[in-house]
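Chemist: Quick one: structure below, then a few questions.
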Amino acid sequence: ALRIGVLALQGAFNEHVHALNSLRNTENIEKVIEVRTKTELDDIDALIIPGGESTAIALIAERCGILESLQDFVQHKPTWGTCAGLILLAKNAIHTKKGGQRLLDALPVTVSRNQFGRQVDSFTIKLDSPCLGAESVPFEYVFIRAPAIVSIDDPEVEPLVRLPPGHGQTEASESGLLVAVKYRNILGTSFHPELTSDNRWHRYFVRMALSG
Ligand code: GLN
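Going by UniProt numbering, the letters in the sequence shown line up with residues 4 to 215, in that order.
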């Protein structure tokens with residue numbers, strides 16, 4: 004059974020905990036915990052890094068003394084980063100704050116911060132998502148000052164979801180921006196699945212973590 008944690012330093016961690024708890028009747032989950040310390044990190048099999056503000060999360064992690072432990076965790080155990088969490092997991096980021104920002108350096112992609120503009124440019128879009136399974140109901144994707152994955156830097160990275168062309172792109176392009184990828188036991192998504200009541204992405208990650 005899976006012991007799963009949600010990094011609870013800043014951002015939308017409560018909503019992830021809630022979504023995971025909603026899966027406890029159907030999936031093999033032993034416990035869901037909020038993670039703030041190295042001891043809590045040592046106690047889990049898989050981790051979600053929530054959306055929020057990637058610079059703030061990194062700074063708080065550094066101050067709490069768990070940044071190195073996190074860096075180590077994500078190299079070995081299943082981890083899912085949503086939005087700010089995706090930025091933190093990436094090996095490369097562009098449009099970062101002046102002077103750059105600390106990353107966990109695990110997912111070989113380049114992310115572009117705030118690719119879709121400011122808070123007011125947040126949007127939702129319904130898309131078919133074959134990776135979520137047989138049910139052909141589209142998933143409603145929520146983007147809030149979201150990053151996009153602008154390049155895949157290792158052939159092992161699997162693209163999972165792409166937006167239709169036009170969203171977040173200033174130049175004409177045949178393929179839309181990539182907003183979900185999987186690499187070994189890392190999942191990275193630009194959107195906020197924890198802000199909808201549809202828990203299929205949480206189920207996807209739980210199953211990925213149990214099988215990994
Ligand atoms: N723009 C934020 C960042 O750069 C991410 C936004 C979010 O997580 N909703 O960290």
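Virtual Cβ for every residue (Gly too), placed ideally from N, Cα, C.
Can you check which of these residues, Ile7, Thr29, Thr40 and Ile152, is closest to histidine 19 by C-alpha distance?
Modeler: Measuring from the Cα of histidine 19, the nearest candidate turns out to be Ile7.
Chemist: Below 7 Å CB to CB, which residues in the same chain sit around aspartate 201 once its five sequence neighbours on both sides are set aside?
Modeler: The answer, listed in chain order, is Phe142 and Glu143.
Chemist: Let me know the beta strand (DSSP E) ranges lying completely inside the stretch 139-190, each 3 residues or longer, listed in chain order.
Modeler: Fully enclosed beta strand (DSSP E) runs of 3 or longer: 142-146, 151-155, 161-165 and 181-186.
Chemist: According to DSSP, is asparagine 31 part of a helix, a strand, or is it coil?
Modeler: Coil at asparagine 31, not helix or strand.
Chemist: Considering only heavy atoms of the ligand GLN, does any lie closer than 8 Å to the CB of threonine 58?
Modeler: Checking every heavy atom of the ligand GLN against the Cβ of threonine 58, one is found closer than 8 Å.
Chemist: According to DSSP, tryptophan 204 sits in a beta bridge with which residue or residues?
Modeler: The partner list for tryptophan 204 (beta bridge, DSSP) is empty, contrary to what the question assumes.
Chemist: Can cysteine 86 and proline 53 be called in contact, C-beta distance under 9 Å?
Modeler: Yes, they are a contact pair.
Chemist: Note down, one range per segment and in chain order, each alpha helix (DSSP H) of at least 4 residues found wholly within the stretch 53-118.
Modeler: If we require 4 residues or more, the alpha helix (DSSP H) runs fully inside the stretch 53-118 come out as 57-66, 70-79 and 87-92.
Chemist: Cβ atoms of isoleucine 189 and threonine 82: under 9 Å apart, would you say?
Modeler: Cβ distance < 9 Å, so threonine 82 and isoleucine 189 count as in contact.
Chemist: Of the residues Glu177, Gly215, Ile36 and Pro150, which one's Cα is nearest the Cα of glutamine 122?
Modeler: Closest option to glutamine 122, Cα to Cα, is Pro150.
Chemist: Going by DSSP, what residue range makes up the alpha helix (DSSP H) through leucine 12?
Modeler: Neither: leucine 12 is in no alpha helix (DSSP H) and is coded neither H nor E.
Chemist: Can we count isoleucine 147 as close to the ligand GLN, meaning its CB is less than 8 Å from some heavy atom?
Modeler: Because some heavy atom of the ligand GLN lies under 8 Å away, the Cβ of isoleucine 147 counts as near it: yes.
Chemist: Below 8 Å CB to CB, which residues in the same chain sit around phenylalanine 76 once its five sequence neighbours on both sides are set aside?
Modeler: Within the same chain, phenylalanine 76 has close Cβ partners Leu44, Leu50 and Thr82.
Chemist: Report back the beta-carbon spacing between leucine 37 and phenylalanine 16 to the nearest angstrom; my notes put them in contact at under 8 Å.
Modeler: Here residue 37 turns out to be glutamate, not leucine, going by the sequence shown. Between phenylalanine 16 and glutamate 37 the Cβ distance is about 6 Å, and since that is below 8 Å, they are a contact.
Chemist: Under DSSP, the beta strand (DSSP E) around leucine 44 begins and ends at which residues?
Modeler: That residue, leucine 44, is in no beta strand (DSSP E); its alpha helix (DSSP H) goes 41-45.
Chemist: Based on the DSSP secondary-structure assignment, which residues constitute the bridge partners of threonine 127?
Modeler: Its beta-bridge partners are Val145.
Chemist: Find the nearest neighbour of serine 139 within the set Arg203, Val9, Leu180 and Ser193, judged by alpha-carbon distance.
Modeler: Here the closest residue by C-alpha is Arg203.
Chemist: With a threshold of 8 Å, establish whether the CB of arginine 116 neighbours any heavy atom of the ligand GLN.
Modeler: Yes; taking the cut-off as 8 Å, the Cβ of arginine 116 has a heavy atom of the ligand GLN nearer than that.
Chemist: For a test of your reading of the model: does the CB of glycine 88 fall under 8 Å from any non-hydrogen atom of the ligand GLN? Yes or no.
Modeler: Yes, the beta carbon of glycine 88 sits closer than 8 Å to at least one heavy atom of the ligand GLN.
Chemist: Pick helix, strand or coil for arginine 6, following the three-state DSSP scheme.
Modeler: In this structure, arginine 6 counts as strand in the three-state DSSP scheme.
Chemist: CB-CB under 8 Å to phenylalanine 194, same chain, minus the five flanking residues each way: which ones, in chain order?
Modeler: Cβ within range, chain order: Thr85, Cys86, Tyr144, Val145, Phe146, Ala149, Val182 and Ala183.
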